[in-house]
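Engineer: Sending over a structure as structure tokens; questions will come in a sec.
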Amino acid sequence: MTHSGRCFCGAVELEVTGEPEAMGYCHCNSCRSWSGGPVNAFSLWKPGAVKVTAGAEHLATYHKTDFSHRQYCAKCGGHLMTSHPSVDLVDVFAATIPTLAFAPAVHVNYAETVLRMRDGLPKLKDFPAELGGSGEMLAE
């Protein structure tokens with residue numbers, strides 16, 4: 193399955209192929225600040241499954257930390273994705289891919305939340321252990 197997405201103005205277009213490795217919500221301060229919202233809906237993909245199909249010359253990158261290389265359109269500022277090289281994953285923001293059936297399975301960095309969500313999904317204090325986190329679960 194292939195899904196297409198684009199930035200706010202449409203100058204940068206991307207495509208994701210196959211199934212995401214994971215989908216969920218991130219509550220960390222960095223994601224909240226970058227997204228301008230109380231929580232970030234993510235879809236994680238292997239880098240080979242994500243392709244910029246148009247407007248690559250408008251794609252800009254900002255990385256405050258080595259863990260997250262945030263990519264956006266330099267024309268409109270529309271956020272597109274965040275590369276996480278150390279774990280070999282790319283977070284394509286769920287809203288960027290309108291045809292993807294968003295099926296969240298987890299909350300990460302829930303210790304930093306400003307919006308409690310009672311949805312029955314697992315709430316991780318930080319990240320899963322296999323991604324370098326504690327794997328510690330928090331109460332809903």
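Sequential numbering from 193 applies to the sequence shown in the working numbering. No residue lacks a Cβ here, since even glycine has one placed at the ideal position from N, Cα and C.
According to DSSP, which residues form a beta bridge with Lys243?
Structural biologist: In DSSP, Lys243 forms a bridge with Glu207.
Engineer: Can you give the beta carbon distance from Val242 to Leu251, rounded, assuming they're within the 8 angstroms contact cut?
Structural biologist: Actually they do not touch by this definition, with Cβ atoms about 12 angstroms apart.
Engineer: Return the chain-ordered ranges of every beta strand (DSSP E) run that is complete within the region 213-238 and spans a minimum of 3 residues.
Structural biologist: 214-218, 232-237, all fully within the region 213-238.
Engineer: Could you tell me whether the Cβ of Leu272 comes closer than 8 angstroms to any Cβ of chain D?
Structural biologist: The structure shown contains no chain D; it is built from a single protein chain.
Engineer: Can at least three beta-carbon pairs, one atom from the region 197-211 and one from the region 254-267, be found at a separation below 8 angstroms?
Structural biologist: In short, these stretches touch, since the Cβ pair count reaches three.
Engineer: Quick one: give me the first and last residue of the beta strand (DSSP E) that Tyr302 is part of.
Structural biologist: Note, Tyr302: premise wrong, no beta strand (DSSP E); not H, not E.
Engineer: Are Leu303 and Leu313 closer than 8 angstroms when you measure CB to CB?
Structural biologist: According to the sequence displayed, residue 303 carries Ala and not Leu. Contact: no.
Engineer: Using CA coordinates, which residue listed in Thr305, Thr291, His299, Val231 is at the minimum distance from Gly216?
Structural biologist: Looking at the Cα atoms, His299 is the closest of the given residues.
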